[in-house]
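Protein chains in written order, with our numbering: chain R, 191 to 668; chain E, -18 to 76.
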């Protein structure tokens, strides 16, 4: 039987506010335990939450970025459960009336575009942290994270493979960091993914029973966990078993998922509207001012690169997969001239990206700047550097040897375009390689390339290849 | 709708309330009489009335995104039963 995997994702993004969602405590990461937990965060009796405008603004930004409905009136609810890192005994969240509903995001997998629907995005507060190391058999509680604003983004079950799920998660990660509502730091837990996975026979209309994989904090784990889970479900069903609804955890060590709780133990959260918080009413003019300040989004920028610069879908997608890279590209193009956009793209996706990968660096930490890359592109465009020599010049730039012209001078990289000098080398090469000349005259085309190679070698790679070809043809033809 | 004895025990467990069999019985009677009241209210036609989420017809006030709290950990922890290295200590719970 052929099976189809069905995936929906719930992503918790930590919003980039300075203060918490319902209190004036700092949200900075890495502080001493409980030094950023105020009376509201630790839920002392008598305290009241006051909503952070910055968190609401970021949620609106997201809604606008995914073309969603922004609910002009939205409501906070209490989600009740007991756990020591949740001091109030409930988490403030949004259930029936979230701030954002009905958006979508486009993804690209193997050159195919697909739209993933976003069901909703709601504001909520994070819980604290439980440390289960040994405190004389007790658990340590750090409430610094309690009350940190989150936007939980829930997709429809529109993905059909782990590759699509990863593409969606990456596109979402790119978008939230692009519009600046989340720092995207997955190690610090700023972007956490839960995956709902089910399988069904191809052609069946109803969904299978799903299991939810909790808290995946890397794209690699997301892919591995979904692949393992889907395979496990298919094997279970093929062996005549049944999949029970459950919450599971992924163990990166073993690459397996294991049950955390079954449906019977599923939480009964007894949601109800939080009486401490009034309905949030959004002003039309506020939404419009947020809309007006929105940056050009990755999708729009990608389409513009294709249209204005004639870049391929792949190149345009790669260049807009991260805001810093996109900025580097547009800055370089504006310095080197729009006519060189394609060349800039080739260099960024070639040498620049290879060097960054090798050194595991982000583009903002690269030793090369848009100004330097633009200078290099100009020297290629005006014929000073051949492609091969440009690579050597690039090495010099990366190593911090100075400006492009200084490197060309110091490394002696200037392309030889003096036809007299090239002709001299060609003559020498022809004289020294009579055998190749005879082969070429006898009809062996390959011998021509061998001669070009010899000339390039004799010029130490500096002869202008187009001129070499031309001169060789003339001499051999005559 | 009426609550069974089992429902009452379930709700008590969710709320982490320890109730004796006797208390559960009293609670069952009392809760069911509240349900009676709710049923009475539900008989009213509310078709064209927008549901309210709050008793007050005003909107939530928003706070500027500024850090206004300072560290008061030492004060807070004087009333905690057990602390260590700045952490609150609680009986071990692993889900």
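Don't be surprised by glycine CBs; every beta carbon is placed ideally from N, CA and C. Bear in mind the structure is a predicted one, so any value in this text is a computation, not a measurement.
How big is the Cα-Cα spacing for residue i and residue j?
i             : j             : result
residue 261/R : residue 569/R : 54 Å
residue -5/E  : residue 279/R : 11 Å
residue 52/E  : residue 246/R : 25 Å
residue 584/R : residue 538/R : 11 Å
residue 652/R : residue 528/R : 27 Å
residue 635/R : residue 589/R : 40 Å
residue 411/R : residue 198/R : 16 Å
residue 30/E  : residue 42/E  : 25 Å
residue 49/E  : residue 391/R : 56 Å
residue 67/E  : residue 546/R : 40 Å
residue 235/R : residue 305/R : 47 Å
residue 592/R : residue 205/R : 40 Å
residue 18/E  : residue -16/E : 14 Å
residue 563/R : residue 522/R : 7 Å
residue 381/R : residue 316/R : 12 Å
residue 601/R : residue 574/R : 13 Å
residue 461/R : residue 270/R : 7 Å
residue 429/R : residue 311/R : 38 Å
residue 424/R : residue 463/R : 40 Å
residue 626/R : residue 611/R : 22 Å
residue 638/R : residue 604/R : 25 Å
residue 518/R : residue 560/R : 6 Å
residue 404/R : residue -12/E : 29 Å
residue 494/R : residue 484/R : 17 Å
residue 609/R : residue 648/R : 15 Å
residue 450/R : residue 478/R : 44 Å
residue 36/E  : residue 470/R : 14 Å
residue 351/R : residue 369/R : 27 Å
residue 318/R : residue 338/R : 9 Å
Give every residue of the same chain whose Cβ lies closer than 7 Å to the Cβ of residue i, excluding the five residues on either side of it in the sequence, and list them in chain order.
i             : result
residue 364/R : 488, 511, 512
residue 541/R : 581, 584
residue 452/R : 434, 436
residue 372/R : 203, 204, 205, 206, 366, 380, 381
residue 303/R : 296
Does the Cβ of residue i have 16 or more other Cβ atoms within 10 Å, making it buried, or fewer, making it exposed?
i             : result
residue -9/E  : exposed
residue 475/R : exposed
residue 524/R : exposed
residue 220/R : exposed
residue 441/R : exposed
residue 28/E  : exposed
residue 69/E  : buried
residue 491/R : buried
residue 646/R : buried
If I follow the unbroken alpha helix (DSSP H) through residue i, where does it start and stop?
i             : result
residue 426/R : 409 to 428
residue 281/R : Counting along the chain, residue 281/R falls outside any alpha helix (DSSP H), though it belongs to the beta strand (DSSP E) covering 280 to 283.
residue 498/R : 488 to 499
residue 266/R : Careful: residue 266/R lies outside any alpha helix (DSSP H) and carries neither H nor E.
residue 7/E   : 2 to 23
residue -5/E  : -14 to -5
residue 479/R : 474 to 482
residue 363/R : 352 to 368
residue 69/E  : Residue 69/E -> not in any alpha helix (DSSP H); beta strand (DSSP E) instead, spanning 68 to 72.
residue 570/R : 560 to 571
Could you name the residues of the same chain whose beta carbon sits closer than 6 Å to that of residue i, not counting the 5 residues immediately before and after it, in chain order?
i             : result
residue 361/R : 295, 297
residue 345/R : 198, 199, 306, 308
Within its chain, find whatever has a CB closer than 8 Å to the CB of residue i; leave out the 5 residues flanking it on each side and keep chain order.
i             : result
residue -1/E  : -7
residue 209/R : 215, 216, 217, 242, 244
residue 642/R : 655, 658, 659, 662
residue 567/R : 522, 526, 530, 533, 534, 537
residue 397/R : 196, 347, 388, 390
residue 438/R : 401, 402, 403, 404, 419, 447, 448, 449, 450
Taking the continuous beta strand (DSSP E) assigned at residue i, which residues delimit it?
i             : result
residue 331/R : 328 to 332
residue 667/R : Here residue 667/R belongs to no beta strand (DSSP E); instead the alpha helix (DSSP H) covers 655 to 667.
residue 507/R : First-last for residue 507/R: 503 to 509, but that is the alpha helix (DSSP H), not the beta strand (DSSP E).
Worksheet item: Taking one C-beta from the segment 263 to 283 of chain R and one from the segment 321 to 333 of chain R each time, how about it: are there three or more such pairs within less than 8 Å?
Response: yes
Worksheet item: Pairing CB atoms from the segment 279 to 292 of chain R with CB atoms from the segment 4 to 24 of chain E, are three or more of them under 8 Å?
Response: With a cut-off of 8 Å, the segment 4 to 24 of chain E and the segment 279 to 292 of chain R do not count as touching, because too few Cβ pairs lie within range.
Discussion item. I'd like to know if the segment 412 to 432 of chain R and the segment 445 to 460 of chain R are in contact, where contact means that at least 3 CB-CB pairs between them fall below 8 Å.
Written reply: yes
Discussion item. Using a Cβ distance threshold of 8 Å, determine whether the segment 16 to 28 of chain E contacts the segment 298 to 307 of chain R, with at least three qualifying pairs required.
Written reply: no
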